[in-house]
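First up is the structure itself, then whatever we jot down about it.
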Amino acid sequence: MQTLSVKTVRRTQLVDVTAQVQKVVASSGVSNGICYLYVPHTTAAITINECADPDVARDIEGALDRLVPAAGPYRHSEGNSDSHVKSVLVGASQVIHVEGGKLALGRWQGVFFCEFDGPRERLLQVKVVAC
Amino acid sequence: MQTLSVKTVRRTQLVDVTAQVQKVVASSGVSNGICYLYVPHTTAAITINECADPDVARDIEGALDRLVPAAGPYRHSEGNSDSHVKSVLVGASQVIHVEGGKLALGRWQGVFFCEFDGPRERLLQVKVVAC
Amino acid sequence: MQTLSVKTVRRTQLVDVTAQVQKVVASSGVSNGICYLYVPHTTAAITINECADPDVARDIEGALDRLVPAAGPYRHSEGNSDSHVKSVLVGASQVIHVEGGKLALGRWQGVFFCEFDGPRERLLQVKVVAC
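Chains as they are written, first to last, in the working numbering: chain A, 1 to 131; chain B, 1001 to 1131; chain C, 2001 to 2131.
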């Protein structure tokens, strides 16, 4: 298992980490298998979506912020309950097929680390297994 | 890895692909293991839910459409930003246990390809691994 | 594959099952690998989020109930369409890395069984594979 670092600069931010993950896949030497992605944070998540037009990631950020209002009502007193909810909706884990030594992503797909309580220094766990 | 084709006929549509996926599991010869499902599209997703009453899938379609309005405000100019957001909320990947040569689904569960920007011809990646 | 029992006491309830899952990991004897979690129900789900402050789980429950109203409009006549929708949003499967014989969770993370149509007796499928 390798752990990547991700630096975020906004409270809600989708960061394209495709190249970093692809590098882990390449260095694993695995030709065909599975890539396991996991976010060890409770106010962040991992998703796969369009990386061609950066407006899509911005639209996703805006839509999630409108969907889960920061205002509550919430009990947790740290002011980031909405961040926890977004993390649950998007999810902490993803699996992607590896074919020919690369992530078998669709034509428009990229891997996005999702920050919901930034800016912060974050981690992303990656494991590539032949199968 | 096998790639299945899925034809969708509506903009938002849950398509029951359980039989197609079960066929891949059977043809793999794997008795106990894991089935990995992955959607290589940015306006579609994969989920598991009730397949007994088709009204449930229709209710899920309606609820997602109400949850993420098509109207925005969005930046992406293709008129399908809501589709991208739904795709992120439902997710591109799922894993299901395989037991006795079959998907270890619950009694009421089926596997659904989720179309959020149809009608289209879509793909679903499936891999079955013994473990 | 092992199947854990989870008893829920409210209609919408996040139940911390970290210790139960950790026990399966320990008894598997796997040092490094993957833990596969799967919920064989259509009105429940599995997620990973903060287990330090129980208010976070309560806030997530409340936010999901506000996000997906019980009132509909829905077609399915069992009065739990909102439960099915929440199940789709949170998801039936998760994968977590195993390192040193333990779930490689983040500092604040716990594993939560998500009940959306309780109270009920529920099941959670767990498999731990070395890799």
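By construction, the Cβ of each residue, glycine as well, lies at the ideal position given by its N, Cα and C atoms.
Secondary structure of residue i, DSSP reduced to three states
i	result
Val88 of chain A	helix
Val2006 of chain C	strand
Val17 of chain A	coil
Ser1093 of chain B	strand
Val2111 of chain C	strand
Val1098 of chain B	strand
Residue i to residue j span [Cα, whole Å]
i	j	result
Glu2099 of chain C	Leu2123 of chain C	25 Å
Val1111 of chain B	Lys1127 of chain B	14 Å
Gly33 of chain A	His97 of chain A	6 Å
His2041 of chain C	Ala1063 of chain B	19 Å
Leu1037 of chain B	Arg120 of chain A	32 Å
Ala2044 of chain C	Phe2116 of chain C	5 Å
Gly29 of chain A	Leu2004 of chain C	36 Å
Cys2051 of chain C	Arg2066 of chain C	22 Å
Val2085 of chain C	Glu61 of chain A	21 Å
Gln1013 of chain B	Val68 of chain A	24 Å
Arg1107 of chain B	Val1024 of chain B	20 Å
Val17 of chain A	Phe113 of chain A	6 Å
Gln1022 of chain B	Arg11 of chain A	42 Å
Met2001 of chain C	Gln94 of chain A	20 Å
Ala1092 of chain B	Gly2118 of chain C	28 Å
Asp59 of chain A	Arg1075 of chain B	6 Å
Ser87 of chain A	Ser2087 of chain C	15 Å
Ile46 of chain A	Asn2049 of chain C	13 Å
Val2056 of chain C	Leu89 of chain A	14 Å
Cys1035 of chain B	Gln1125 of chain B	10 Å
Val1015 of chain B	Gln2109 of chain C	34 Å
Ser1083 of chain B	Val1039 of chain B	14 Å
Burial state of residue i, where buried means 16 or more other Cβ atoms lie within 10 Å
i	result
Ser1081 of chain B	buried
Lys2007 of chain C	exposed
Lys1102 of chain B	exposed
Pro1073 of chain B	exposed
Ala2130 of chain C	exposed
Pro1054 of chain B	exposed
Ala70 of chain A	exposed
Ala1104 of chain B	buried
Val2009 of chain C	exposed
Ser27 of chain A	exposed
Ser77 of chain A	exposed
Gly2079 of chain C	exposed
Ser2031 of chain C	exposed
Ala19 of chain A	exposed
Extent of the continuous beta strand (DSSP E) to which residue i belongs
i	result
Gly62 of chain A	No beta strand (DSSP E) contains Gly62 of chain A, which is instead part of the alpha helix (DSSP H) from Pro54 to Leu67.
Leu124 of chain A	Glu121 to Ala130
Cys35 of chain A	Gly33 to Tyr38
Asn2049 of chain C	Ala2044 to Glu2050
Residue i Cβ short of 8 Å to the ligand MG heavy atom set
i	result
Gln2 of chain A	Ligands in the displayed structure: none, and consequently the ligand MG is not present.
#### Entry: Residues of the segment 2095 to 2112 of chain C with Cβ closer than 8 Å to any Cβ of chain A, in chain order
Sequence-ordered contacts of the segment 2095 to 2112 of chain C with chain A read Val2095, Ile2096, His2097, Glu2099, Ala2104, Leu2105, Gly2106, Arg2107, Trp2108 and Gln2109 [C-beta pairs closer than 8 Å].
### Task
Can you give me, in chain order, the residues of the segment 37 to 67 of chain A that have a beta carbon less than 8 Å from any beta carbon in chain B?
Listed by position along the chain: Thr47, Ile48, Asn49, Glu50, Asp53, Asp55, Val56, Arg58, Asp59, Ile60, Gly62, Ala63, Leu64 and Leu67.
### Query
Between the segment 2007 to 2032 of chain C and chain B, which residues of the former have a C-beta closer than 9 Å to a C-beta of the latter?
So nothing in the stretch comes that close.
### Task
Return the residues of the segment 2080 to 2094 of chain C that lie within a Cβ-Cβ distance of less than 7 Å from chain B, sorted by chain order.
Taking 7 Å as the cut-off between beta carbons, the residues of the segment 2080 to 2094 of chain C near chain B are Ser2081, His2084, Val2085, Ser2087, Val2088, Leu2089, Gly2091, Ala2092 and Ser2093, in sequence order.
### Query
Which residues, taken in chain order from the segment 112 to 131 of chain A, show a beta carbon closer than 7 Å to some beta carbon of chain C?
Flagged, chain order: Gln125, Lys127 and Val129.
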